Amino acid sequence: MNPETPDWMGNFLSANQNLVRFDRFMQAALYDPVHGYYSRADRVFGPEGDFVTAPELSSLFGRTLACALREAIKDCGGHIWEFGAGRGLLARDILTELGDEVACYHIVDVSGALQTLQRETLQAGGIDTDARVRWETQLPDTLEGVLIGNEVLDAMPVRLFAWNAGTVCERFVGLSDAAQRTLAWQDLPADDELRHAVESLHRTHGPWPDDYVSEWPEQAIAFVRTITQSLKGIALFVDYGFGACEFYHPQRSTGTLVAHHRHKMSDEVLDRPGEQDITAHVDFSALFEAQHAAGGELLGYTSQAAFLLHNGLLDKLDASFSPARRQAVQMLVNPSEMGELFKVMAWCRGVNPDNWALTRTLAQIDRSRQL
Ligand SMILES: C[S@@+](CC[C@H](N)C(=O)[O-])C[C@H]1O[C@@H](n2cnc3c(N)ncnc32)[C@H](O)[C@@H]1O
């Protein structure tokens, strides 16, 4: 188990009667401003860190995304809002590709510690951050622009439930031994909100076996609802996940929650709080419903491979690319790497998307029937 629960987590639990919902544990483990995983920004990303994301693999990811969104950016006043910018590579690549076509690049990141790293990445890439980039701590009433996020939805805390013969429990994290500060799971009856959500999922995707454990992405749903309600533009998010049929399949009986530490994946999400990443796959059906309920119009849902290949990824791969860089591009589109598991979902509100080439491309490769 996890004998070395650090003092800060022990103190966090003590301050909460030694029992917190899993999503609150995950929030603290990832985003505590001092001890949370994302406060140690320099050790998180890249080959030396715990995971590699698409912008870390190749600048062609961001450049392809930039070209696909070019017309939408122009129609939205040149504003881009990136949520969860990591160490700033996607921002650098988009700004490099589009130059003055971007009036302002707004970065919204829940981890304040990453701002320094993002600024360094952008400046090292020759971007005048004072003139072109703004770090935002609050969202305006009207979010005018092109909203993007890569692997941000999977990093949002999830609520965990356990289903047993029609009874829904919620998983909490507590101290099993106050002296040794050992963390342990504890299941308690779900509140009405979680119970209703899970019963509705079960009606559509059950029957589930006993001891069926999975996640409910309350925070990601609220996030999508909030940004869509104030959206005047387009939102496009890339992440690993699938539709609810696959997510809540009876055979996926232990959910999708995992931890990442030094490029190794494990189920021990309570281990080493603050030192390992914790992540869950994205239920894109839930997010589709959230944007729809908030007045969004879906433009398309497809695989990362289809999106990149239909938006000119390979045209950008010229002879100057080394074999290593070509291999990185392969990883982006190979079905057994990121190509199929990663999806792209785009929707708009308050704008007319009919003239954008992106709208036509997304319609051709749309897989939203899987949602
Ligand atoms: C897995 S990292 C991905 C970073 C980057 N987009 C990339 O692809 O390399 C997740 C990022 O999302 C941020 N994040 C998590 N929840 C967020 C939220 N609600 N709003 C904004 N940023 C968030 C984290 O601080 C981190 O920068």
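First residue of the sequence shown? That's 1486 in the numbering used here, and the numbers climb one at a time after it.
For each residue, glycine too, the CB sits at the ideal point set by N, CA and C.
A quick note: this is a predicted structure, and the numbers were derived from the prediction, not measured.
Ignore the nearest five residues each way along the sequence and tell me which others in residue i's own chain have a CB closer than 8 angstroms to its CB.
i	result
R1734	The identity of residue 1734 in the sequence shown is His, whereas the question assumes Arg. Closer than 8 angstroms at the Cβ level, and outside the excluded window around H1734, lie H1690.
L1624	V1593, T1711, I1712 and S1715
E1782	W1832, C1833, R1834 and P1838
G1495	L1660 and R1666
S1853	F1773, L1783, G1785 and Y1786
V1643	F1507, D1508, M1511, E1700, W1701, P1702, E1703, Q1704, A1705, L1742 and A1765
A1616	none
K1559	E1586
Applying the 10 Å Cβ sphere with the 16-neighbour rule, what's the burial state of residue i?
i	result
S1543	buried
Q1761	buried
Q1776	buried
C1561	buried
T1741	buried
R1747	exposed
F1497	buried
V1658	buried
Near residue i, which residues of its chain fall below 6 angstroms by C-beta distance, leaving aside the five closest residues on each side in sequence?
i	result
G1563	V1587 and A1588
V1859	The structure shown does not extend to residue 1859, since the chain spans only 1486 to 1856, so no value can be given for it.
V1709	L1772, A1775 and Q1776
S1751	A1744
H1591	W1566, R1619 and E1621
R1604	T1614
In the DSSP output, which residue or residues are listed as bridge partners for residue i?
i	result
K1801	Answer is none; K1801 lacks a bridge partner.
L1561	Just to set this straight, residue 1561 is Cys in the shown sequence, not Leu. In DSSP, C1561 forms no bridge with anything.
P1692	BP columns for P1692 are empty, so no partner.
L1716	L1628
S1788	K1828
A1669	G1659
D1724	K1828
G1597	According to DSSP, G1597 bridges with nothing at all.
C1654	A1647 and P1674
L1634	The question names Leu, but residue 1634 is Gly in the sequence shown. According to DSSP, which records beta bridges pairwise, G1634 is partnered with F1722.
Using a Cβ-based criterion (distance less than 8 angstroms to any ligand heavy atom), does residue i qualify as near ligand 2?
i	result
R1572	The model depicted lacks ligand 2 and carries ligand 1 instead.
Beta-carbon separation of residue i and residue j under 9 angstroms?
i	j	result
A1539	F1827	yes
R1577	G1597	no
T1739	L1784	no
L1628	K1717	yes
G1584	E1636	no
I1477	L1580	Only positions 1486 to 1856 of the chain appear in the structure, and residue 1477 is not among them; the question remains open.
L1673	I1565	no
L1599	L1721	no
E1753	A1744	yes
D1535	G1759	no
G1569	V1595	yes
V1818	Q1789	yes
K1801	T1606	no
L1645	V1698	yes
Leaving aside the five residues before and after residue i along the sequence, list all residues of the same chain whose C-beta is less than 7 angstroms from its C-beta, in chain order.
i	result
M1486	Annotation note: pLDDT 46 at M1486 (below 50); position unreliable, coordinate value reported separately. Cβ neighbours of M1486 beyond the five flanking positions: T1667.
L1856	G1728, F1769, S1770, F1773 and Y1786
Enumerated in chain order, which unbroken segments of the beta strand (DSSP E) with a length of 3 residues or greater are wholly contained in the region 1739-1777? 1743-1746, 1749-1751 and 1762-1764
Counting only runs that start and end within the region 1509-1580, where is the alpha helix (DSSP H) found for 4 or more residues in a row? 1539-1542 and 1544-1560
For the region 1808-1852, list the beta strand (DSSP E) runs that are entirely contained and at least 3 residues long, ordered along the chain. Segments of the beta strand (DSSP E) lying fully in the region 1808-1852: 1827-1834.
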